[in-house]
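Structure first, commentary second.
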Amino acid sequence: MSLTVFAVVLLAAFLHAAWNAVVKGGGDKLLSTVMVAVTAGLMAALALPALPQPAAASWPFIAASVGVHVVYFALVARIYRSADMSLTYPLMRGCAPLLVALASVGWLGEHLSALAWGGIAVISLGILAMAGGARGPRGLPGSREGVWLALLNALVIATYTLIDGTGVRRSGAPVAYAFWIFVLTALPLAAWALATRRQQLGGYVRRNLVFALVGGGGTLASYGLSLWAMTRAPVAPVAALREASILFGALISALLLKERVGAARVGAACLIAAGVATLRFA
């Protein structure tokens, strides 16, 4: 992986952690999630007329990805009502590269070295350590639900990563490919918010407009940069390197969201990050 691709994916990781912090810091997790996604869709819609469009062969992948992304955003909103970001964020983001690495061997024909599989094992240990210490903001049993939903969302993340890792290579236009996903994902999410939170929606957006712009721009840029990188390097290493967002997420949780991040969680997050780094350099 070239230095340029490496730096781009690290930037994508930071931006991804930032938009997740916007959702976690919002008073209404559903509205925050929808607000970020719809803002990203609007930004993408404004830019699309000036971009080369994806090839026809990539549109089935765009359609499939949109469906999976809707599930992803819905789960993010539900998860952050159940458990701390410092717990659920590493689980979601740390499990996904394991699944991508396993599936990419058969799906994409990518091959991993012994060192790469060692990195996978280290990540697994970190994830088990993180899940074993699951405790909610007030020690409520509901935090266990957050853990299981985070693991489910890791499968969702791996699914859309593999779909898009394949589709973007057929598109001939990685930026437009990513932007169409956000435009089409925003439509059902906006309809969902109007159906369930119509009365609160307008006021909530007005009060959080700056966060909407930061979060929307962050998620749009993060995924767009990641998909561009997947056209320049194998999917599994890119997906793994992007999970440096785990450390950014832990820092944001502790410094900005003022969540309690104990030594066990910090150690587990570092173990996951070490495994991710091993996978990156394998």
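Numbered by mature numbering (1 follows the signal peptide of the UniProt record, and there is no 0), the letters in the sequence shown go through residues -17 to -1, 1 to 265 in order.
Cβ atoms here follow ideal geometry from the backbone N, Cα and C, with glycine treated the same way.
Can you name the start and end residues of the alpha helix (DSSP H) that I12 belongs to?
Checking the sequence, you will find Lys at residue 12 rather than Ile. Start and end: K12 to A30.
Can you tell me whether F264 is buried or exposed, with buried defined as 16 or more other CB within 10 angstroms of its CB?
exposed
What are the start and end residues of the alpha helix (DSSP H) that includes P171?
P157 to R190
Count the C-beta pairs between the segment 25 to 40 and the segment 89 to 107 that are closer than 8 Å, then say yes if the count reaches three, no if not.
no
Within the same chain, show all residues whose beta-carbon is closer than 6 Å to that of F(-4), passing over the 5 residues directly before and after it, in chain order.
F231
On the CB-based measure, 16 or more other CB atoms within 10 Å of its CB, does G207 come out buried or exposed?
buried
Quick one, are the C-beta atoms of H176 and L25 less than 8 Å apart?
For the record, residue 176 in the displayed sequence is Ala; it is not His. Their beta carbons are not under 8 Å apart, which means A176 does not touch L25 by this criterion.
Out of E128, G89 and S154, state which residue places its alpha-carbon closest to the alpha-carbon of T214.
S154
Residue environment, G245, which counts as buried when at least 16 other CB atoms sit within 10 Å:
exposed
Candidates T149, A256 and A79: which alpha carbon is nearest A47's?
T149
Can you name, in chain order, every residue of its own chain whose Cβ lies under 8 Å from the Cβ of G250, other than the five neighbours on each side?
A112
How long is the line joining the alpha carbons of P43 and A247, rounded to whole angstroms?
43 Å
Reduced DSSP category for G125 - H, G, I as helix; E, B as strand; rest coil
Since pLDDT at G125 reaches only 49, below the 50 mark, its modelled position is unreliable, and no value is offered.
Are the beta-carbon atoms belonging to G199 and A1 less than 8 Å from one another?
no
If we ignore side chains and look at the alpha-carbon of each, how far apart do L184 and A20 end up?
14 Å
Can you give me the start and stop residues for the alpha helix (DSSP H) that P35 sits inside?
It is not in any alpha helix (DSSP H) - P35 carries neither H nor E in the DSSP assignment.
For the putative contact between P80 and L262, defined by C-beta atoms under 8 Å, what is the C-beta separation to the nearest angstrom?
6 Å
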